[in-house]
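Asks: Please see the structure below; I have some questions.
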Amino acid sequence: MSARKLEEVIRQMENYLECWKQFNHYISLARSKKFEAEDEVQFLEVKSVLTQELELILARIETPNPSKEEILTLISGVPSIRYASELPENSLRSIENNWHKIYIAWQSLLGQLKVQAKQNEKKGLFASLFGR
Numbered sequence: 003m004s005a006r007k008l009e010e011v012i013r014q015m016e017n018y019l020e021c022w023k024q025f026n027h028y029i030s031l032a033r034s035k036k037f038e039a040e041d042e043v044q045f046l047e048v049k050s051v052l053t054q055e056l057e058l059i060l061a062r063i064e065t066p067n068p069s070k071e072e073i074l075t076l077i078s079g080v081p082s083i084r085y086a087s088e089l090p091e092n093s094l095r096s097i098e099n100n101w102h103k104i105y106i107a108w109q110s111l112l113g114q115l116k117v118q119a120k121q122n123e124k125k126g127l128f129a130s131l132f133g134r
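Sequence positions in the sequence shown follow this note's numbering and run 3 to 134.
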């Protein structure tokens, strides 16, 4: 992957991870049972972005972890904040645990991409210094 494309994927992943943080925020709102109708609308928007961006990211990179199925199962398993707010505590903990596993897997993948970008940067610097 070219350095430019790699940087684009890194930015895309960073934005994607921000949406994952928002998803978790809405789960926290469900637990506290303090949410408004506007929160429900925004939650659905976050879920839409997560689902669409997942396809865009997976079209650019291959990753076995987190799996597409695992991600879609989590996203579809929480149809609304209200639904989540009515779940038993152990179900909310399970959702949070699955969210955390996926979040950490994405962070790890992002770290790998950043390492690759640094290595490409060093190779480019070395080539320019020695005329290669």
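Where a beta carbon is used, it is the ideal one built from N, C-alpha and C, also for glycine. Remember, predicted model here, so these are calculated numbers, not experimental data.
1. Just the Cα atoms here: how many angstroms apart are Gln-44 and Arg-95?
2. Alpha carbons only, please: which of Gln-54, Glu-42, Gln-121 is nearest the one belonging to His-27?
3. Evaluate Ala-86 with the Cβ neighbour count: other Cβ atoms within 10 Å of its Cβ, from every protein chain shown; 16 or more gives buried, anything less gives exposed.
4. Check for me: the alpha helix (DSSP H) holding Thr-75 runs from which residue to which?
5. With H, G and I counted as helix, E and B as strand and the rest as coil, what does DSSP make of Asn-17?
6. Should Val-11 and Leu-115 be called a contact, given that it needs their Cβ atoms to be closer than 9 Å?
7. Alpha carbon to alpha carbon, what distance is there between Ile-77 and Ala-39?
8. If you draw a straight line from the alpha carbon of Asn-92 to that of Arg-62, how long is it in whole angstroms?
9. Going by CA-CA distance only, name the one from Ile-97, Pro-90, Trp-22, Pro-68 that's closest to Ser-110.
10. Let me confirm a value: Leu-74 is counted as buried when at least 16 other C-beta atoms fall within 10 Å, else exposed. Which label applies?
11. Exposed or buried, which one is Lys-70 when buried takes at least 16 other CB atoms within 10 Å?
Replies: By the coordinates alone:
1. Against the sequence shown, residue 44 aligns to sequence position 42. Against the sequence shown, residue 95 aligns to sequence position 93. When rounded, the distance between both Cα atoms is 22 Å.
2. The sequence position of residue 27 within the sequence shown is 25, counting from 1. Comparing Cα-Cα distances from His-27 to each of Gln-54, Glu-42, Gln-121, the minimum goes to Glu-42.
3. For the purposes of this step, residue 86 is taken as residue 84 along the sequence shown, with counting starting at 1. With at least 16 other beta carbons inside 10 angstroms of its own, Ala-86 counts as buried.
4. To locate residue 75, count along the sequence shown from 1; it is residue 73. Boundaries of the alpha helix (DSSP H) harbouring Thr-75: 70 to 78, taken from the DSSP string.
5. Walking along the sequence shown from the start, residue 17 turns up at place 15. Shown here, Asn-17 sits in a helix according to DSSP, grouped into three states.
6. For the purposes of this step, residue 11 is identified with residue 9 of the sequence shown, where counting begins at 1. For the purposes of this step, residue 115 is identified with residue 113 of the sequence shown, where counting begins at 1. Their beta carbons are under 9 Å apart, which means Val-11 touches Leu-115 by this criterion.
7. Position 37 of the sequence shown, counted from the start, is the residue given in the question as residue 39. Position 75 of the sequence shown, counted from the start, is the residue given in the question as residue 77. Rounded to the nearest whole angstrom, the C-alpha separation of Ala-39 and Ile-77 is 19 Å.
8. Numbered from 1 along the sequence shown, position 90 holds the residue referred to as residue 92. Numbered from 1 along the sequence shown, position 60 holds the residue referred to as residue 62. Going from the Cα of Asn-92 to the Cα of Arg-62 covers about 36 Å.
9. Within the sequence shown, the letter at position 108 stands for residue 110. Nearest to Ser-110 by alpha-carbon distance, out of Ile-97, Pro-90, Trp-22, Pro-68, is Pro-68.
10. Residue numbering aside, residue 74 sits at position 72 when the sequence shown is read from its first letter. That one is exposed.
11. Sequence index remark: in the sequence shown, residue 70 carries index 68 (1-based). Flag for Lys-70 reads exposed.
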